[in-house]
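Under our numbering, the first residue of the sequence shown is numbered 10, with each subsequent residue one higher.
Positions of the beta carbon are idealized from the N, C-alpha and C atoms, including for glycine.
Please read these numbers as outputs of a predicted model, since none were measured by experiment.
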Amino acid sequence: MRKLIFIFTILTTSLMGQSAYYGLGYGDLFPSTDPLVSSIGQGVVALRDTSRVTLQNPAGLNNLKRVYFGVGLGSEYRTVSETMTNNTRMEQFYFAFPVGNNVGMSLSAQAVADFNNSYEVPFLSGTLSQNSDGGIWDYSVGLGYALNPSMSFGLKWHAYHGFIRRESVLESDELAEMYVLRGGLNGQSLELGLSTEIFEKVSLGLTIDLPYDRPTLDGRDSLAGTDTYVEFSEELAAWPSTVKFGVVYHHTDYTKFVAGIGQQIFPESGFDSARLFSLPDGWHTVPVASFQMSMLRAARDRMSRSWAKRTGWQVGLSAKNYYLVSGSDDLIHEYSIVSGMNLRLRNGRSLFDVSGEFGTRGGEVSLPEEQFIRVKFGIQVNDTWFRKVKRR
10 MRKLIFIFTI
20 LTTSLMGQSA
30 YYGLGYGDLF
40 PSTDPLVSSI
50 GQGVVALRDT
60 SRVTLQNPAG
70 LNNLKRVYFG
80 VGLGSEYRTV
90 SETMTNNTRM
100 EQFYFAFPVG
110 NNVGMSLSAQ
120 AVADFNNSYE
130 VPFLSGTLSQ
140 NSDGGIWDYS
150 VGLGYALNPS
160 MSFGLKWHAY
170 HGFIRRESVL
180 ESDELAEMYV
190 LRGGLNGQSL
200 ELGLSTEIFE
210 KVSLGLTIDL
220 PYDRPTLDGR
230 DSLAGTDTYV
240 EFSEELAAWP
250 STVKFGVVYH
260 HTDYTKFVAG
270 IGQQIFPESG
280 FDSARLFSLP
290 DGWHTVPVAS
300 FQMSMLRAAR
310 DRMSRSWAKR
320 TGWQVGLSAK
330 NYYLVSGSDD
340 LIHEYSIVSG
350 MNLRLRNGRS
360 LFDVSGEFGT
370 RGGEVSLPEE
380 QFIRVKFGIQ
390 VNDTWFRKVK
400 RR
């Protein structure tokens, strides 16, 4: 019966009433969890903003003058064949602080993969339904060092930790069985970062994330209500290596133009021997290429009584392809409009961020086109760590 469930799961993957793409592979890998990143994309690796801290490039940590703490919340709406789903969660926590004149450090946690999915498919004289929960979080420690005023380097260690629980229910006139698969995932990677100014108004940024210990799933597959189970250990061999490159043109003191490209490289045979994340016949991984271009407008006066003068904004375009394709080799493209705003309180120590992304995903004939809206909220609080006390 276990083989029967597996076969029908594979055959009906493309018939899910919810997001079909979301149920394939690992779902959405490395979603943009920060409002600023969501609104300007990969170009953020070249951005240095004295009003906030950005953790996307560890090389930028060296210019910290205060202690920063922040959290992020994300909500995503997907529409497929007039069916809308929503996923809202806390997505990011971070803490960054200076440890010297030219050295800064960060501690952070952010969601990088989401397995939340559910669907039901009829077959023969019964139905097959499946519910999945869980995801992978990235816990990281970053360090940035300024070699000179125009060039800095960074290093970040990532520890991946997560879990998954998947219930498969087979119901017919003759039987009703539930299979429960659950397990934990752990892995590690190392990220290298570079930030430099090549001209008076042009800044460049580069990051390379290399997994040296791809996440491994250790779990148990069992028949609910019985003592029958099978333990297993499976490496997520298709976990990607990631390269991001960005450029910032400082047009004026208040206006910047940002462009960025990203590349995720997946081992081609990563899903061949997978037990849990195996793909339908004919499907395989392809490198992901992404491109974003945005304009940023900084706030005129962060200490003004006027909200309008304390508000900055950004707007741009994003294009990328999905990391899975079927045997047709037609890339699944995503196109979206990205935007964001930020407001600083007059105390100079709190910054609120919000971003919005509206786009469409399609390209594979056998799967329906999707529309999606992503909304991100974030708050950042900063203060001086040590303050000299004047004594009389």
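- In the DSSP assignment, glutamine 197 forms a beta bridge with Ala168 and Asp222.
- Taking a contact as a CB-CB distance under 8 angstroms, the pair phenylalanine 386 and glycine 368 does not count as one, their CB atoms being some 19 angstroms apart.
- Rounded to whole angstroms, the separation of the alpha carbons of aspartate 37 and methionine 99 is 16 angstroms.
- In this structure, the CA atom of asparagine 140 is about 41 angstroms from the CA atom of glycine 69.
- Across the set Pro158, Phe162 and Gln65, the C-alpha of Gln65 shows the shortest separation from the C-alpha of glutamine 51.
- Rounded to whole angstroms, the gap between the alpha carbons of arginine 319 and phenylalanine 280 is 49 angstroms.
- In the three-state scheme derived from DSSP, where H, G and I count as helix and E and B as strand, proline 276 is classed as coil.
- Counted as a single uninterrupted DSSP element, the beta strand (DSSP E) harbouring proline 107 occupies residues 92-107.
- About 5 angstroms separates the Cβ atoms of valine 390 and phenylalanine 78, confirming a contact at the 8 angstroms cut-off.
- Setting aside the 5 residues that flank it on each side, glycine 336 is surrounded in the same chain by Gly291, each with a C-beta closer than 7 angstroms to its C-beta; the list follows chain order.
- Within the model, the alpha-carbon separation for glycine 32 versus aspartate 142 is close to 11 angstroms.
- DSSP, read as helix, strand or coil, puts glutamine 51 in helix.
- In the three-state reduction of the DSSP assignment, valine 390 falls in the strand class, which pools E and B.
- The alpha-carbon separation between leucine 137 and valine 178 amounts to approximately 6 angstroms.
- When secondary structure is reduced to three states using DSSP, glycine 192 falls in the strand class.
- Note on glycine 163: 16 or more other CB atoms within 10 angstroms of its CB, so buried under the neighbour-count rule.
- In the displayed model, proline 131 falls within a strand according to three-state DSSP.
- In terms of CA proximity to threonine 237, Val189 leads the group Val189, Val257, Gly81 and Leu326.
- Check the Cα spacing between alanine 298 and each of Tyr169, Leu352 and Val252: the tightest is with Val252.
- Take phenylalanine 254, set aside five residues on each side of it, and the residues of its chain with a beta-carbon closer than 6 angstroms to its own are Leu215 and Ile270, in chain order.
- A Cβ-Cβ distance of about 7 angstroms is found for the pair serine 348 and serine 364, placing them in contact under the 8 angstroms criterion.
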